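Student: Here's a structure for you.
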Amino acid sequence: MSTFKTCLRIVAAHRAYVLIYLVVMSLFGLLTGVARSEDYSGQVTRATASVAVIDRDDSAVSHGIRDYVESVGKVQPLEDSRQAIQDATAQNRINYVLIIPSGYGQDLQQAARQGTEPPRMDTVISYESASGALMDVRTSSYTGQVADYLSTLTDDPARAVALAKDTMDHSTAAERIAQDTTPLPHRLVVYARFSFYPLLAFAVVTISTLMTSLGRRAVRSRLDAAPVSGRTRNLGLLGACLIVGAVGWLWILGLGVAAFGADAVATSAPLLGVVGAALGAYMLVAVSVGFLMGQIGLGQHAANAIANIGGMALSFLAGAWVPTEWLPDAVAQVARLTPGYWADQAISGAYTATSMSADVIGPLLVNCGICALFAVAIFAIAMAVGRTRARSSL
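Under our numbering, think of the first position of the sequence shown as 978, with each following residue one higher.
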């Protein structure tokens, strides 16, 4: 019996790993993708925040600021007391609270005459919504307009407020630019990222278990007695490892396309191909890691531990669960040294791509190639480990 067929029989005998690590774990990614909603629209909507203005200055400038903020937000009543402000913030009832301190109008006029920065106002911004932060930016823009007019055109605060209001009223409306291609479904991208972990865990555990089984005395004796060269046996083992990886890759990609990407096959096939290439490159990494664990001779329990802990750690660093932009700078730098980071960059680039031209697809495939280079490096280390162990056993 050939080494290749023997390896496939061993893998089939451990089909529980296929069921647990591949089928069951991939369903978690599927459910995560289903839970993610997506809403694409050709129109740009303006975020409106609930606002409250406490005017302690009662000047022409403060009246203008209050009128502007209330005109672009949903006004909510709020008492001028610390308890009321704290309650509104804790209950997330108001997204943006602006407190204009006493003497603000006079301080703004003086700053405009001297050419210095406008004085600051006190703000309380909700921690659960970005609309409050956006409102603060708009308020600062309006205040800056008032200060500019006070420093260049007029000394009258009422006239500066009127000019600033007229400027803000004539702001240009935003319009979405249509993309040259249909974007990939967001659910498919989420599913692909969450599939890094089951793909690695399945391949590492299955291949390391296969090689551990081949190392047992009874199986090794039968293979050594077969009339085949060592090179043929190694090629048979490598072919079986690649078959294991191909099964995992086909299952992960096929499940994602069937569940989320059926329309993308016709509308965004090149971008979908990039996602498949990224998962394929990461599959090669998983195969090479499993091959390395088998060459080292780790036991079944050690391989399971490394597959689970290492799979979760690499998925985290890749940005599969938390975007790398949210990670500390030091962690983000370390993430660049992991294969999953480059696979995730390819998938993210395919999702945000605005066209399917070669200029766009090419860099994404380069990211896939960088991920595949990690597999080549790990496989080379595994071969070196195997040769070292073979020499030491002689």
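Idealized CB from N, CA, C, for every residue including glycine. Here the structure is a predicted model, which is why all the values come from computation and not from measurement.
Mind the definition here: the stretch 1169-1187 touches the stretch 1283-1292 only if three or more C-beta pairs lie below 8 Å; say whether that holds.
Tutor: yes
Student: Between which two residues does the alpha helix (DSSP H) containing residue 1064 stretch?
Tutor: Locating residue 1064 in the sequence shown gives position 87, where the first residue counts as 1. Segment 1059-1067, the alpha helix (DSSP H) holding residue 1064.
Student: For residue 1137, I'd like the list of residues in its chain whose CB is within less than 7 Å of its CB, leaving aside the five on either flank, ordered along the chain.
Tutor: The sequence position of residue 1137 within the sequence shown is 160, counting from 1. Result list for residue 1137: 1123, 1126, 1127 and 1131, in chain order.
Student: Beta-carbon within less than 6 Å of residue 1351's beta-carbon, same chain only, minus the 5 sequence neighbours each way: which residues are those?
Tutor: Residue mapping note: residue 1351 aligns to position 374 of the sequence shown, counting from 1. Around residue 1351: 1262 and 1316.
Student: Mind the definition here: the stretch 1076-1086 touches the stretch 1033-1042 only if three or more C-beta pairs lie below 8 Å; say whether that holds.
Tutor: Counting Cβ pairs under 8 Å, three or more are found: they touch.
Student: May I have a chain-ordered list of the alpha helix (DSSP H) segments no shorter than 4 residues that lie completely inside the stretch 1236-1289?
Tutor: 1241-1244 and 1246-1273
Student: Measure the alpha-carbon distance for residue 1260 versus residue 1063 and round it to whole angstroms.
Tutor: Taking the sequence shown and counting its residues from 1, one reaches residue 1260 at position 283. Taking the sequence shown and counting its residues from 1, one reaches residue 1063 at position 86. When rounded, the distance between both Cα atoms is 52 Å.
Student: Are the CB atoms of residue 1328 and residue 1166 within a distance shorter than 7 Å?
Tutor: Looking up residue 1166 in the sequence shown gives position 189. Looking up residue 1328 in the sequence shown gives position 351. Contact: yes.
Student: Based on the DSSP output, what are the partners of residue 919 in its beta bridges?
Tutor: Nothing can be reported for residue 919: it is not among the residues displayed for the chain, which extend from 978 to 1371.
Student: Just list the residues that DSSP pairs residue 1101 with in beta bridges.
Tutor: Position 124 of the sequence shown, counting from 1, holds the residue named residue 1101. Beta bridge pairing from DSSP links residue 1101 with 1074.
Student: Consult DSSP for residue 1336 and reduce its assignment to one of helix, strand or coil.
Tutor: Locating residue 1336 in the sequence shown gives position 359, counting from the first residue. Helix, per DSSP.
Student: Quick check on residue 1125: does DSSP put it in helix, strand or coil?
Tutor: Stepping through the sequence shown from its first residue, residue 1125 is reached at position 148. In the structure shown, residue 1125 sits in a helix (DSSP, three-state: H, G or I).
Student: Beta-carbon within less than 7 Å of residue 1089's beta-carbon, same chain only, minus the 5 sequence neighbours each way: which residues are those?
Tutor: Sequence index remark: in the sequence shown, residue 1089 carries index 112 (1-based). Contacts found: 1124, 1127 and 1128.
Student: One question on the structure: do residue 1176 and residue 1251 come within less than 7 Å of each other, judged by their Cβ atoms?
Tutor: Here residue 1176 is taken as the residue at index 199 of the sequence shown, counted from 1. Here residue 1251 is taken as the residue at index 274 of the sequence shown, counted from 1. No; because the gap between Cβ atoms is not below 7 Å, this pair is not in contact.
Student: Reducing DSSP to helix, strand and coil, say where residue 1183 ends up.
Tutor: In the sequence shown, the residue the question calls residue 1183 occupies position 206. Residue 1183: helix per DSSP, three-state reduction.
Student: Short check: CB of residue 1292 to CB of residue 1174, under 7 Å?
Tutor: Taking the first residue of the sequence shown as position 1, residue 1292 is located at position 315. Taking the first residue of the sequence shown as position 1, residue 1174 is located at position 197. Yes, the pair counts as a contact, with Cβ atoms nearer than the cut-off.
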